[in-house]
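Some notes on the structure that comes next.
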Amino acid sequence: MSVARVLWASGPVLKARPEGPFQMREAVAIGRRSLLGEVVAVSGAEITAQVYEDPTGLKPGEEVRGSGAPLGIRLGPGLLGNIFDGLLRPLSGARAARFDFAPGAKKGDALSGGAVFGRAGAQDCLVPPHLGGEVIEIAAPGPYAEDATLCRLRAQDGAVHEVSMGHFWPVRAPRPVAERLPSDEPLVTGQRILDGLFPVVLGGKAAIPGGFGTGKTVLLESLAKSCNADVIVYLGCGERGNEMAGVLSEFPGLRDPRTGRPLMERTVIIANTSNMPVAAREASIYSAVTVAEYFRDQGLHVALMADSTSRWAEALREVSGRLGELPGEGGYPAYLSSRLADFYERAAKVRTLSGRTGSVTLLSSISPPSGDFSEPVTSHSKRFVRSFWALDQKRAQARFYPAVHPLQSYSEDASELVEWWDRVFGALPARGAAPPVHEWSELRRKFLTLLDEQVRLERMARIVGKDALPARQQLTLFCAEIVNEAFLRQSAFSDVDWYASPQRLAAMMRLIGRFIALAERSLAQGMPLERITSLGVLRALQRMGEEIAEGDPGGFAALARRVEDEFRAAGETVRGS
Ligand code: ADP
Ligand code: MG
1 MSVARVLWAS GPVLKARPEG PFQMREAVAI GRRSLLGEVV AVSGAEITAQ VYEDPTGLKP
61 GEEVRGSGAP LGIRLGPGLL GNIFDGLLRP LSGARAARFD FAPGAKKGDA LSGGAVFGRA
121 GAQDCLVPPH LGGEVIEIAA PGPYAEDATL CRLRAQDGAV HEVSMGHFWP VRAPRPVAER
181 LPSDEPLVTG QRILDGLFPV VLGGKAAIPG GFGTGKTVLL ESLAKSCNAD VIVYLGCGER
241 GNEMAGVLSE FPGLRDPRTG RPLMERTVII ANTSNMPVAA REASIYSAVT VAEYFRDQGL
301 HVALMADSTS RWAEALREVS GRLGELPGEG GYPAYLSSRL ADFYERAAKV RTLSGRTGSV
361 TLLSSISPPS GDFSEPVTSH SKRFVRSFWA LDQKRAQARF YPAVHPLQSY SEDASELVEW
421 WDRVFGALPA RGAAPPVHEW SELRRKFLTL LDEQVRLERM ARIVGKDALP ARQQLTLFCA
481 EIVNEAFLRQ SAFSDVDWYA SPQRLAAMMR LIGRFIALAE RSLAQGMPLE RITSLGVLRA
541 LQRMGEEIAE GDPGGFAALA RRVEDEFRAA GETVRGS
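The sequence shown: position 127 = 127 (our numbering), numbered continuously.
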């Protein structure tokens, strides 16, 4: 392998004089401590490398040794349950030493790239995507190390490849798939405002911008606990160590609500806090998405939570500055946008090389300085995501959680999910009046319209006084408040309400929709507004999230009857007077 001599070093960047050929993106080992680095520029007389470890003490003249391979990580079953740095070196515990291997192919079988040749523990063993050939040897069942050769393949050109349960993959290259698939099912988050109003599909991408303290980390952590992905990759990227400490201390103790087993068994945590080398933070986002693709390729649904892409972009900016590149908007390099595009492009629902369905859903927080969404990272991310969950300082200050702003947020995935929700609503216990065909989209539209009108009417009410508004508009304000309080508000720390299944969400949505329809009709038929706003059932509606637990459809049925009864009784007294 080639060698170069360090000429100059500045923070995470160095220049060296090559004594042999180097390639762009080649991984290098630097100096006596063999610091990990990556070549980011080559010219005849000079190479430039990023250093992924603390370069303190590095001196001119020290050796830079090429590896002949691009910067990559070792993928394998030992990733699950562990905590790694941005380049997938273990931070806690060691990767399990051995896994029970069960062969899934036999001598003579022809295997192509991405094919499954056995099981290791609870994971599939995959032929690396670019290899393939005839099985000439396969290991007997038993415990093996992650890097032990389990299978020998003879390729068409006669070359023999040794395959183990894990394999190396360059982080910046998307892993190949057979086909990208359209997605018509949601990543169920358990948060009503997201699933109900701003959904993201399996294989979709959502950005969560929000100023300091608006709840980005709490939201991503609750999604890690509650969403319906099979595997969670949690990337703590550049946040202060103490914020990451919450994740690191809490996750190992969490139970998986689906299985009752430790959540860590299906979680990989990648931590790159602000006190760790800045260049490794830049790489961590690619490591994380590569890990996510690796589990996707086993036919699993993977959710990647990245907290936060702003800190990643800051690392990009710092390294770019050290490289002497021309700063663009906000000091970020001009390629910020294309790097974000490359990252979000890796979200997908796919048919894997072995013919199964898997997905990677990307959920990433953004921490815009002073909460200004027009800054570059937010505005560029917005071009590439389809779901945008804007966290609002005012809502957070009022302790209204999740502080997702219903007017600044949106989802372009909602139209893909109409039929999925039709099935959920269709399975609810029947009710008297025939529900609309697409009940979810109708209710969703109704709720969004109310919330939109609320803002306009509140502005007017501030000028003329609320009592000067016509009763119809006052009712709109009242109903919007019900949507906010009874539906959107949901505490992550409530034992009952931290999670809302699609069934419970649908029952609540239908109930609120029915209340609003009856209220509007009653007002139109002459019922005084005060009569509606003083109905006893309102308190129960406001509290149903806390009081009616999962798996209690009877609770909602009883409340629905009460809504009908109280409107009927109120109607009779109004007509009787
Ligand atoms: P950020 O990551 O945006 O800086 P955090 O996620 O750390 O903000 O949230 C700050 C605080 O707000 C939390 O410590 C918690 O007290 C409160 N909080 C945030 N989200 C919720 C929620 N969904 N339910 C209840 N409290 C929340
Ligand atoms: Mg945070």
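We treat Cβ as the ideally placed atom computed from N, Cα and C, and that holds for glycine. If you're wondering where the values come from, they're calculated on a predicted model, not measured in any experiment.
Counting only the Cα atoms, D85 lies some 19 angstroms from I30.
Across the set E221, R89, E53, T214, the C-alpha of E221 shows the shortest separation from the C-alpha of W498. Excluding its 5 nearest sequence neighbours in each direction, F295 has C-beta neighbours in its own chain below 6 angstroms: V231, V302, listed in chain order. For the pair S522 and M508, the Cα-to-Cα distance works out to about 21 angstroms. Between P502 and I193, the gap from beta carbon to beta carbon reaches 9 angstroms or more. For the set S308, E293, F251, L316, the Cα lying nearest the Cα of A283 is the one of L316. Closest in C-alpha terms to A430, from the list T352, P553, A16, comes P553.
Under DSSP, Y144 takes part in a beta bridge, and its partners are F99. Secondary structure within the region 164 to 217: the beta strand (DSSP E) runs of 3 or more consecutive residues, fully enclosed, are 167 to 170, 179 to 181, 205 to 209 (chain order).
Cβ-Cβ distances below 8 angstroms link P327 to R317, S320, G321, P333 in the same chain, with the five nearest sequence neighbours on each side left out; the list follows chain order. For L235, the enclosing beta strand (DSSP E) stretches over residues 231 to 237. In the three-state scheme derived from DSSP, where H, G and I count as helix and E and B as strand, F388 is classed as strand. Residue burial annotation: V437 is exposed, with fewer than 16 other C-beta atoms found within 10 angstroms of its C-beta. With 16 or more other Cβ atoms from the protein chains shown falling within 10 Å of its own Cβ, A306 counts as buried.
For T217, the CB falls within less than 8 angstroms of some heavy atom of the ligand MG. According to the DSSP assignment, A461 belongs to the alpha helix (DSSP H) that extends over 439 to 464.
Comparing C-alpha distances from F101 to each of Q123, G81, R172, E63 shows the shortest one belongs to Q123.
Taken from the Cβ of G108, every heavy atom of the ligand ADP lies 8 angstroms or farther away.
Between the C-alpha atoms of R356 and L187 there is a straight-line separation of about 18 angstroms.
Short note on E62: C-beta not closer than 8 angstroms to any heavy atom of the ligand MG. Closest by C-alpha distance to R98, out of M165, I73, L88, L35, is M165. For G81, no pairing in a beta bridge is given by DSSP. In the displayed model, C125 falls within a strand according to three-state DSSP. For S338, the closest alpha carbon among the candidates L323, V360, V377 is that of V377. Residue environment analysis places Q298 among the buried positions, since at least 16 neighbouring C-beta atoms fall within 10 angstroms of its C-beta. If you look at T361, you'll find it in the beta strand (DSSP E) that goes 357 to 366. With respect to the 9 angstroms criterion, P182 and E293 are not classified as neighbours on the basis of their beta carbons. Annotated as distal: E325 and F384, with beta-carbon spacing of 9 angstroms or more. In this structure, the ligand ADP has no non-hydrogen atom nearer than 8 angstroms to the beta-carbon of A557.
As DSSP reads the structure, P18 sits in a beta bridge with A4. Secondary structure at H380: helix, using DSSP grouped into helix, strand and coil. In this model, L559 and V455 are separated by some 29 angstroms (Cα to Cα).
Within the same chain, and ignoring the five residues on either side of A540 in sequence, the residues whose Cβ sits closer than 8 angstroms to its Cβ are E547, L559, R562.
A distance criterion of 8 angstroms places the beta-carbon of S308 in contact range of the ligand MG, judged by its closest non-hydrogen atom. Taken through DSSP and simplified to helix, strand or coil, N484 comes out as helix.
Put simply, the region 362 to 376 does not touch the region 157 to 164. Fewer than three CB pairs are less than 8 angstroms apart.
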